[in-house]
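According to full-length UniProt numbering, the sequence shown holds residues 1 to 613 in order. The structure appears right after this line, and notes come after that.
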Amino acid sequence: MVRNTPSLQTLPHITSHDDVSTDQQSNVDLSRQRVQITGRDEQAKQIMTRVATGTASSEDLARFHAGISRLESSGRQGLQEQGYAIRGKEAIPFVPIDERTSRQRHMQMPTGTKAQSSLHSEEATSGAEKSRDTSTRQRITQDASKYTEPFLKFMTSNPTVFHAVDAVKEQLKSKGWKEVNERDSWDLKQSGKYFLIRNGSSLIAFAIGADYEPGNGAAIIAGHVDALTAKLKPVSKVPSKAGYLQLGVAPYAGAPNNTWWDRDLGIGGRVLVKEGNKISTKLVKLPWPIARIPTLAPHFGQAAVGPFNPETQMTPIIGLDSSRSASLFDVADPFSAPSILHEGTFLSTQPPKLARAIAKELGLTAETAGNIIDWELELFDVQPAQLGGIEKEFIFAGRIDDKLCSWAAIQALIESAEDDLDDSSLIKVVGLFDNEEIGSLLRQGARGNLLPGTMERIVGAFADHKPTSDLLGRTYANSFLLSADVIHAVNPNFLGAYLENHSPHLNTGLVVSADSNGHMTTDAVSTAILKQCADKVGAKLQVFQIRNDSRSGGTVGPMLSSATGIRAIDAGIPQLSMHSCRATTGSLDPGLGVITFKAFLDEFESVDKQFRD
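The following block contains the structure:
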């Protein structure tokens, strides 16, 4: 019994006059009216009826909200004890009003009729299904939330592709995975967990089922870890202008674009250092903003509007030239001598202050700094990944495309290999590729031989003198590829840019991406396979397709699928502001990705049996 509460018969979840049309108000979906409170005040009942049907006056609405406030202050604990969930200013019972309406109709029927018996059975089934759905949603939300903070830490700590791959390497090693080298022969075993790295920027991890036999299939997730950035040119030292030190950078995949103006930009990447007779690779990231691309104030008129020349007007500033008194036009001739590359000359081609900062960060002294023989550095936004939104529903971060799907896929593989290898006869694979944003044409890209070569070596290790070509062909035919790349979430400010019924939402679930012109691998069969895998864990799938008057992007899916013949689907995690210096995804989305990717790795083997010819 709820005591000391206002005499309100129903407190519906409503939409105001301002939000809906007259037709919508007259067709209120009664299934959304959620709250029942005991009481017999006829006037209150009439107010609630007018509110529910959209005919309430301003006075009615004022009394309605006042009742909610009194209810909130006087009856929260009592409501919770009676099975009500309190969310904001709503009290949500386990029995929605559409079921109560059905029960009222049920009571009006003659007792003992077939209709009454049938209705009772349908209500029981419907109630059980809704209860299960609610329980599943709550479980998935709780499970997904566990991954939010680890993802934020990963994104903040690993701004470059080299840092990201190295972080994955360290996590795999900490979980007992063994690194194999492409230069060596591989000694692989059932139940083994392995990974390899190419160029420090691409990684393939694979776990072999305890019951694996050569010719069996593989469940593969493939994504990319590179992101739009600006890379330092081979000779990044440029002449000072107007007393500013500047940095020579080149665009990578369209960055820096206009979203990079006025950002606090750091510098990081890999550095090659000579140590005795060995060349070592060291990772570096300077822990403070080094560079900035300043805009021109709007007061300058058309000059501040653009378009802008990316070579001459988007050059980052990194400091002030204090070496001499530079005049406004004191520019050295950069063509006066050739740029000769030989040992000991590299640092002379870089800004001296930057070279000293990098050397210091690596622990090199003035005497040993000359051992730096080359580097591969890039710019990145130094602002950490963080939660945002009123209820922290969002993640704001740089480089979400596509460290998001890559991170989620690796977590899914680690967990799947811990839980399910003993009963598996498959190979479970995650491939993280570099250079997707520029076409994947390099050896560490998806168009290279990294994945096919790895699969061939795995099969060959178990071939026992059988023809590898036959076994590899069977392996590909029995396999399935999930091409995981981020997908456009619906932007409320640009609804006209989206196709109706194909507009993904954040914090909802993985998105299947379709394209009739073959930019994606998705088809009816691959969609059915992934849907059944997701259904087994209660995960939701959304769908996206671009409008006919817009162009589609691409993924690693078509190139890998066409090269191997593996069945495939394109599905990824939604995000806003793709290709911006800083983007947005849902705070639950990393975890929802892990859950669905793991469902695919765990369930594909059993699901695929339904699709055998």
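A virtual CB, placed ideally from N, CA and C, is assigned to each residue, including glycine. Note that this is a predicted model, so its numbers are computed, not measured.
- One Cα belongs to D523, the other to R447, and the distance between them is close to 22 Å.
- Per the Cβ contact rule, the stretch 499-512 is not in contact with the stretch 418-428 (fewer than 3 Cβ pairs under 8 Å).
- The continuous beta strand (DSSP E) containing F480 extends over residues 480-483.
- Counted as a single uninterrupted DSSP element, the beta strand (DSSP E) harbouring E378 occupies residues 372-381.
- A contact between stretches requires three or more CB pairs, one per stretch, nearer than 8 Å, and the stretch 256-266 fails this requirement with the stretch 235-242.
- Looking at the DSSP output, L283 sits in a beta bridge with R270.
- Counting C-beta pairs closer than 8 Å gives three or more between the stretch 198-218 and the stretch 426-437, which meets the contact rule.
- Contact check for S587 and N507: beta-carbon distance about 7 Å, within the 8 Å limit, so the pair qualifies.
- The continuous alpha helix (DSSP H) containing L592 extends over residues 589-608.
- When the five nearest sequence neighbours on each side are left out, the beta carbons in the same chain lying within less than 8 Å of the beta carbon of L426 are those of G209, Y212, N216, G217, A218, A219, F604, E605, in order along the chain.
- Looking only at N257, G266, D608, N493, the smallest Cα-Cα distance to E311 is reached by N257.
- Excluding five sequence positions before and after S416, the CB atoms of its chain that fall closer than 8 Å to its own CB belong to A207, K428, K598, L601, D602, given in chain order.
- Counting along the chain, the unbroken beta strand (DSSP E) around V429 starts and ends at 427-433.
- For H163, the enclosing alpha helix (DSSP H) covers residues 161-174.
- Counting every other CB atom within 10 Å of its CB across the protein chains shown gives I400 a total of 16 or more, marking it as buried.
- Short of 8 Å from the beta carbon of T295, and not among the five residues preceding or following it, lie these beta carbons of its own chain, in chain order: W261, D262, A304.
- With respect to the 7 Å criterion, C405 and G572 are classified as neighbours on the basis of their beta carbons.
- Here I566 is buried. Its C-beta has 16 or more other C-beta atoms within 10 Å.
- Per DSSP, the beta bridge partners of A250 are K231.
- Taking F162 as the centre and dropping the five residues before and after it, the same chain places the C-beta of G200, S201, G269, R270, L283 closer than 7 Å to its C-beta, in chain order.
- Spatial neighbours of K233 in its own chain (CB-CB distance under 8 Å, excluding positions within 5 residues in sequence) are listed in chain order as G248, V249, A250.
- Looking at D470, G509, H488, L451, the one whose alpha-carbon comes closest to that of L481 is L451.
- For E275, the closest of P492, L362, E378, I267 by C-alpha to C-alpha distance is L362.
- In the structure shown, V225 falls within a coil segment according to DSSP collapsed to helix, strand and coil.
- Between I529 and S513, the gap from beta carbon to beta carbon reaches 7 Å or more.
- Judged by pairs of C-beta atoms under 8 Å, the stretch 135-154 does not touch the stretch 177-190, as fewer than three such pairs exist.
- G319 places its beta carbon 7 Å or farther from that of K278.
- Contact annotation: V168 and I410 have beta-carbon atoms nearer than 7 Å.
- DSSP, read as helix, strand or coil, puts H299 in helix.
- Straight across, the Cα-Cα distance linking F300 with G306 is about 11 Å.
- Between the beta-carbon of K237 and that of E378 there is about 17 Å, and that puts the pair past the 8 Å contact cut.
- Distance from the CA atom of L441 to the CA atom of K403, rounded to whole angstroms, is 19 Å.
- Here the alpha carbon of A385 sits roughly 27 Å from the alpha carbon of F195.
- From the listed residues G553, W288, T596, T349, the smallest Cα separation to M578 is found for G553.
- Shortest Cα-Cα distance from N181 to any of I197, S174, D166, E170 involves I197.
- The stretch 455-507 contains, as complete alpha helix (DSSP H) runs of 4+ residues, the segments 468-477 (chain order).
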